[in-house]
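Novice:
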Amino acid sequence: MKPQKHIMTMLVDNEPGVVSRVAGLFSGKGFNIESICGSPTHNPEVSRITIVTRADPPVIEQIEKQLRKLVNVLKLRSLNGPHCVRRELALVCIAVKPEQRAEVLRIVDLLGGRVADAGLSHLIVEVSGEQEEVQTAIHLLEPYGIKKLARTGPIGLIREPK
Amino acid sequence: MELTGAQILLRILEEESVDTLFGYPGGAVIDIYDELARSPIRHILVRHEQAAVHAADGYARARGRVGVCLVTSGPGATNTVTGIASAYADSIPLVVLTGQVPTHLIGNDAFQEVDIVGITRPCTKHNYLVSSIEQLAPILKEAFHLARSGRPGPVLVDIPKNVQSARIRFRPPGALRSRPYATTPEPHAGQLRAVARLIGSARRPLIFAGGGVIRSGASEALTQLARRFRIPVTASLMGLGAFPGDDPLFLGMLGMHGTYAANMSTGACDLLLAVGVRFDDRVTGKTDAFAAQATIVHIDIDPTSIRKNVPVRVPLVGDCRESLERLNGLLADPPGEELESSRRQWLAQIEEWKAQRPLCYRSDGTIKPQQVVEELYELTRGEAIITTEVGQNQMWAAQFYRVRRPGHFITSGGLGTMGFGLPAAIGAQIACPEKTVVDIAGDGSIQMNIQEMATAVQYRLPVKIVILNNGCLGMVRQWQELFYGGRYSATCDNTAPDFVKLAEAYGALGLRAERPEEVRPVLERGLAHVGPAILDFRVTPEECVYPMVPAGAPITEMLLV
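From first to last, the protein sequence lines stand for chains A and B.
Adding 690 to a residue's 1-based position in the first sequence gives its number in my numbering.
Adding 336 to a residue's 1-based position in the second sequence gives its number in my numbering.
1) For B/Asp-355, verify whether its CB is less than 7 angstroms away from any heavy atom of the ligand MN.
2) Using the Cα positions of A/Ile-726 and B/Glu-878, report the straight-line distance between them to the nearest angstrom.
3) I'd like the span of the beta strand (DSSP E) that includes B/Phe-586, first residue to last.
4) I'd like to know whether the C-beta of A/Pro-748 is nearer than 8 angstroms to at least one C-beta of chain B.
5) If B/Val-646 and B/Thr-631 are in contact, beta carbons under 8 angstroms, what's the gap, nearest whole angstrom?
6) Given a cut-off of 8 angstroms, decide if B/Thr-753 and B/Ser-422 are closer than it, judged by their beta-carbon atoms.
7) Note down the Cα distance separating A/Lys-838 from B/Tyr-424, rounded to an integer number of angstroms.
8) Scan the stretch 627–654 of chain B for residues whose Cβ lies nearer than 7 angstroms to a Cβ of chain A and list them as they occur along the chain.
9) What residues in its chain sit with their C-beta under 7 angstroms from that of A/Leu-781, if we drop five residues either side in the sequence?
10) Using C-beta distances below 6 angstroms, list every residue in its chain close to B/Pro-415, excluding the 5 sequence neighbours before and after it, in chain order.
11) Is there a Cβ of chain A sitting closer than 8 angstroms to that of B/Arg-614, yes or no?
12) Rounded to whole angstroms, what's the CA-CA distance from B/Leu-608 to B/Gly-546? Just pull it up for me.
13) To the nearest angstrom, how far is the alpha carbon of B/Arg-487 from that of B/Tyr-517?
14) Which ranges does the alpha helix (DSSP H) cover as unbroken runs of at least 4 residues, wholly within the stretch 640–690 of chain B, from first to last along the chain?
15) Alpha helix (DSSP H) containing A/Asp-799: first to last residue?
16) Measuring only the C-alpha atoms, how far is B/Pro-868 from B/Pro-852?
17) With DSSP as the reference, label B/Tyr-824 as helix, strand or coil.
18) Can you pull the chain A neighbours of B/Val-453, defined as C-beta to C-beta under 8 angstroms?
19) For B/Thr-829 versus B/Asn-806, is the C-beta spacing smaller than 8 angstroms?
20) Contact criterion: CB-CB distance below 8 angstroms. Does B/Arg-680 meet it with respect to chain A?
21) Mind checking whether B/Leu-430 and B/Val-450 have CB atoms under 8 angstroms apart?
22) For the stretch 718–731 of chain A, which residues have a beta carbon sitting closer than 7 angstroms to at least one beta carbon of chain B?
23) What's the gap between the Cα of B/Glu-719 and the Cα of B/Pro-742?
24) Any contact of the stretch 571–581 of chain B with the stretch 505–513 of chain B, i.e. 3+ C-beta pairs under 8 angstroms?
25) Output, in chain order, the set of chain B residues within a Cβ distance shorter than 8 angstroms of A/Gly-714.
26) Would you call the stretch 474–489 of chain B and the stretch 427–445 of chain B touching, i.e. three or more CB-CB distances under 8 angstroms?
27) Out of B/Ala-342, B/Ser-678, B/Leu-871, B/Ile-642, which has the shortest C-alpha to C-alpha gap to B/Ala-777?
28) Compute the beta-carbon to beta-carbon distance between B/Gly-588 and B/Ala-598, rounded to the nearest angstrom, for a pair I have assumed lies under 8 angstroms.
29) Output needed for B/Tyr-713: all residues of its chain with C-beta closer than 7 angstroms, excluding positions within five of it in sequence on either side, in chain order.
30) Is the Cβ-Cβ distance between B/Phe-579 and B/Ala-562 less than 8 angstroms?
31) Which same chain residues end up closer than 6 angstroms to A/Phe-716 when comparing Cβ atoms and leaving out the 5 residues on each side of it in sequence?
32) Indicate the three-state DSSP secondary structure (helix, strand or coil) for B/Phe-756 in the structure shown.
33) Hey, does B/Leu-482 have any beta-carbon neighbour from chain A nearer than 8 angstroms?
34) From the DSSP output, which residues share a beta bridge with B/Lys-477?
35) Anything in the stretch 784–799 of chain A with a Cβ closer than 9 angstroms to a Cβ of chain B? List those residues in chain order, please.
36) Pop quiz: B/Trp-682 and B/Arg-539 are said to be a contact at Cβ under 8 angstroms. What is the actual Cβ separation, rounded to whole angstroms?
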């Protein structure tokens, strides 16, 4: 069996210690977290946590069952496949010499990104999209020299019926 | 009406029909203790907080109710961790109440402050820090509900001192918050029919019963199913007592120290009906070879147990009792003649295995530990509540005391906690005052919570401690003999106290047997004594537990006597 990338999202009680329960489950049972992203929803009592893991399918089944067993996990869904919208945001700080500036801005434009901050020798570029698109953007910006990088990890929602 | 936090706590405990608290006072629970003195709830003062949890655990198992204990903050709370983890591993419903420093001091490294909610997160079903008095009653209600519903387990509630002393206009808490996990799933009707069909067509069926059968009160339904269709039954350590140990259909325990008949039958059966088990590595041995010829049906209330260790053909998520009762209703009467004849052959094969390699030991003029357990079984007619410590004593108890009823074999199965037996016996004796309660112990593990003799004497609890005293840490010694070239590192050089004098020092009866013919009179005198007693049996030091399956081997490959 080959380990698969798996994205899941869960609604949890917005209470202290909940992220620790979720993260502790992964570390305690030897599961892997590739990324984790959490914040409150429109309902102040409920937060949403989205996790990307990589594991064999039976382990993924076990991870989801174990998460559902946590008292604070109210609802859990997989976010794989075309019935879901997934987005990740990255902030990429790159070293840019004045003569490279125009070239870099073209790439940013091509990527649908935005310049979030600019200086004489740097740019902070904001890109978002599917994880693969963000990956491509980082790849294209890498030759200029990445000084710092921050990624949110994916979040997502299941599409509503049309 | 205005009530303090301490008063609210005791009120909820009474509403939850709690009649006994096992505990130890301290600065952070002094308000609760102050109130407790005016409460009808009985408090049992243990001598170490670990024992409070084990005693509540023994009480819960013997009585089938939620066990409750109360300890102070800091070291009082950390001392409960082993007890909580033991109860968690064996799915025992407990509510553990810990005191905490006042809310404004939390995080300041205050005196006797510890983050017990953080520490116990991975070994409780759920836990709470009560941050205001308004939350106290709803949290306690939810804690009891969680402890006993679904797959039971320990729940910890950490209550800061200022929450205990605060006052509030008390209103009884309303309905519980809806919790997806806390609901009990109904067994799936289609899956039930599939299981019924498999039972109806199996030629070599075998039932494998676990602790879930006992927890859910499914013993009667299981016994009915097995007897009606003459299906043989084996059990995990935790499942002993789920089916009468003296019934001819019972094969004894399965696994590493399981009987020859149980292990061989599991290897040969074509249908394994596993109920309330989790396929622990001590049961399965090499998982690829486990029940290799069988279609495995797995009934359990916890979906995470299913397909965790062993591939299962038909999973059935649901309460064991509910599932078995419905199965009994679905199953038509005995199978046809052709199937009937294969089933007769199957039972005959099992009888042959039983006769070929029964549990046995060789007498040689010294006391054999197995003999002590056997004679205890005869003298108590299999009706005593047995608690055990952990190691060889536990395995001999499991093999030679043929437990007849659920809740009568109380052992730390999952975590394997030495020092569990004596405090658990205290809890069981309080739960069942009219029963004979015996802790089968070793000279190693009894010393891990020996201080509880004082508790037994104080409350006049007539628990009997049968020490199979081999002067070494027997189970590890056995592994060293068999797998580590006889290098007895740290297992054979332990000095034990004189247990007879120790018993007397605590104000209990102490008796000793050194020759095989002294076993019965010592047991008889001990059992007849009205108070607690320590019975010290000097047994053969080198005796090993057999059968034994080396770790990681298929369970059909046993080392035998």
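Don't be surprised by glycine CBs; every beta carbon is placed ideally from N, CA and C.
No experiment lies behind these values; they were computed from the predicted model shown.
Specialist: Reading from the atomic positions:
1) No copy of the ligand MN appears in this structure; indeed no ligand is present at all.
2) 54 angstroms
3) 586–589
4) yes
5) Not confirmed; about 12 angstroms, so no contact.
6) yes
7) 44 angstroms
8) Pro-639, Thr-640, Arg-643, Lys-644
9) Ala-806, Ile-814, Glu-816, Ala-840
10) The sequence given here places Asn at residue 415 of chain B; Pro does not occur at that position. Here the set comprises Glu-385, Gln-386.
11) no
12) 13 angstroms
13) 10 angstroms
14) 656–666
15) 791–800
16) 23 angstroms
17) coil
18) Gly-707
19) Sequence check: residue 829 of chain B is Asp here, not Thr. Against a cut-off of 8 angstroms, the Cβ pair of B/Asn-806 and B/Asp-829 comes out as no contact.
20) no
21) no
22) Gly-718
23) 11 angstroms
24) no
25) Arg-457, Pro-458
26) yes
27) B/Leu-871
28) 5 angstroms
29) Phe-736, Tyr-737, Arg-738
30) yes
31) Ile-723
32) coil
33) yes
34) BP columns for B/Lys-477 are empty, so no partner.
35) none
36) 7 angstroms
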